[in-house]
Amino acid sequence: MSNSLFDKLASVFVRRHRPERDTGVDGKTMFDHLADTWWDPDGFLQGIAPLLNPVRSKYFGSVLNDHFSNYSVINILDVGCGGGLLAEELWSSKFSLYGLDISFPSVLCAKEHTTYSGASISYLNSSAEAIPFPHGYFDAVICADVLEHVDDWRQSIKEISRVLKPNGIFLFDTVNRTLFSWLVVIKLIQDWPLTRIVPKRGHVYEKLIRPDELNQAMREHAVIERERSGLWTGANIYDVLSVGFNLKYGNMTFPEAGRRLQLELSPNTWMSYIGYGQKLP
Ligand SMILES: C[S@@+](CC[C@H](N)C(=O)[O-])C[C@H]1O[C@@H](n2cnc3c(N)ncnc32)[C@H](O)[C@@H]1O
Numbered sequence: 006m007s008n009s010l011f012d013k014l015a016s017v018f019v020r021r022h023r024p025e026r027d028t029g030v031d032g033k034t035m036f037d038h039l040a041d042t043w044w045d046p047d048g049f050l051q052g053i054a055p056l057l058n059p060v061r062s063k064y065f066g067s068v069l070n071d072h073f074s075n076y077s078v079i080n081i082l083d084v085g086c087g088g089g090l091l092a093e094e095l096w097s098s099k100f101s102l103y104g105l106d107i108s109f110p111s112v113l114c115a116k117e118h119t120t121y122s123g124a125s126i127s128y129l130n131s132s133a134e135a136i137p138f139p140h141g142y143f144d145a146v147i148c149a150d151v152l153e154h155v156d157d158w159r160q161s162i163k164e165i166s167r168v169l170k171p172n173g174i175f176l177f178d179t180v181n182r183t184l185f186s187w188l189v190v191i192k193l194i195q196d197w198p199l200t201r202i203v204p205k206r207g208h209v210y211e212k213l214i215r216p217d218e219l220n221q222a223m224r225e226h227a228v229i230e231r232e233r234s235g236l237w238t239g240a241n242i243y244d245v246l247s248v249g250f251n252l253k254y255g256n257m258t259f260p261e262a263g264r265r266l267q268l269e270l271s272p273n274t275w276m277s278y279i280g281y282g283q284k285l286p
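In this note's numbering, the protein residues as written are 6 to 286.
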């Protein structure tokens with residue numbers, strides 16, 4: 006059976022069951038369209054928080070603490086901050102924290118949320134490729150699950166390096182470009198009608214970045230990688246399949262799925278990786 010015939014039959018079958026968030030947006034506009042879900046307890050983008058925040062806020066927090074424990078104020082920029090899920094979790098009164106994002110509705114949502122949480126974070130609508138701050142302004146720059154979405158990730162690295170102070174820290178995590186991520190992140194959960202559960206083109210395979218490519222680009226802009234680890238779910242295969250099935254048929258929310266599949270540090274970089282680099286003096 007040809008792929009297109011198979012896809013047509015499959016889409017007829019799954020149409021009745023497809024979760025609402027599965028259609029109608031693409032990767033380019035996804036964050037604008039879904040901005041109202043950043044802080045919705047059952048929302049699609051809120052799912053990022055339980056899936057990723059525990060591991061990345063612990064990891065980034067400990068790197069920041071190691072490098073800046075004797076600072077009274079640390080200037081930090083969160084590039085591609087979205088609705089501020091990570092910025093708010095990391096925020097401490099010691100931070101002068103800025104977040105920028107290309108999605109205007111996301112920035113509005115992030116700003117609005119600080120009125121409830123009381124976090125003192127300055128948000129702006131701008132792009133990673135043209136960061137509107139002077140050279141050497143920040144002690145640390147965070148870019149969490151963003152490089153795989155920007156139009157020009159190499160230009161973003163150049164800009165991140167430019168706004169970092171000498172010895173400043175660049176903290177990142179992103180999706181790897183591997184056969185495994187092609188199968189799971191692109192085909193299974195996004196493309197194939199029978200299995201897809203997230204908006205089409207939310208991730209584009211060609212935009213994913215291998216660790217050696219990121220390392221090389223950082224080095225070209227005077228940022229030396231200090232540490233890198235894989236990110237992998239702590240759940241077993243039966244839990245993963247059950248979560249996928251329940252999401253597909255609308256029996257589970259994305260935040261609940263995130264809690265069940267929570268990522269952890271791992272030697273396995275098949276899917277995602279996290280790490281940090283330091284700008285040369
Ligand atoms: C997966 S979300 C991650 C959000 C946030 N860092 C977090 O982890 O909760 C990716 C974010 O990158 C933003 N983004 C995409 N391209 C961008 C660009 N060129 N400049 C700045 N932000 C961008 C999107 O609008 C979106 O909010």
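We put the CB at the ideal spot given by N, CA and C, even for glycine.
- Boundaries of the beta strand (DSSP E) harbouring F143: F143 to A149, taken from the DSSP string.
- When rounded, the separation of the alpha-carbon atoms in N70 and L39 is 33 Å.
- The three-state reading of DSSP puts E93 in helix, counting H, G and I together.
- In the structure shown, K212 falls within a helical segment according to DSSP collapsed to helix, strand and coil.
- For C114, same chain residues with a beta-carbon under 6 Å away, outside a window of 5 residues either side, are A40, W43 and G88 in chain order.
- The bridge partners DSSP lists for V180 are S277.
- Residue environment for Y103: buried (at least 16 other C-beta atoms within 10 angstroms of its C-beta).
- Unbroken beta strand (DSSP E) runs of no fewer than 3 residues, entirely contained in the segment 95-136, are found at 100-106 and 126-130, following chain order.
- Its Cα nearest to that of L268, the residue W237 stands out among H72, Y281 and W237.
- Look at E225 here: in three-state DSSP terms it is helix.
- Using a 10 angstroms sphere on the CB of G52, the tally of other CB atoms reaches 16 or more, which defines it as buried.
- Per DSSP, reduced to three states, the secondary structure at G85 is coil, with no helix or strand assignment.
- Taking C-beta separations shorter than 6 Å and ignoring five residues to either side along the sequence, the partners of T200 in its chain run L193, following chain order.
- For the set E230, Y243, K284 and N256, the Cα lying nearest the Cα of L266 is the one of Y243.
- The beta carbon of G123 sits no closer than 7 Å to any heavy atom of ligand 1.
- At a cut-off of 7 Å, the beta-carbon of D244 does not count as near ligand 1: no heavy atom of the ligand is closer than that.
- Two segments are said to touch when three or more pairs of C-beta atoms, one from each, lie closer than 8 Å; by this definition the segment 117-124 does not touch the segment 174-194.
- Per DSSP, the beta bridge partners of I79 are F100.
- When secondary structure is reduced to three states using DSSP, R159 falls in the helix class.
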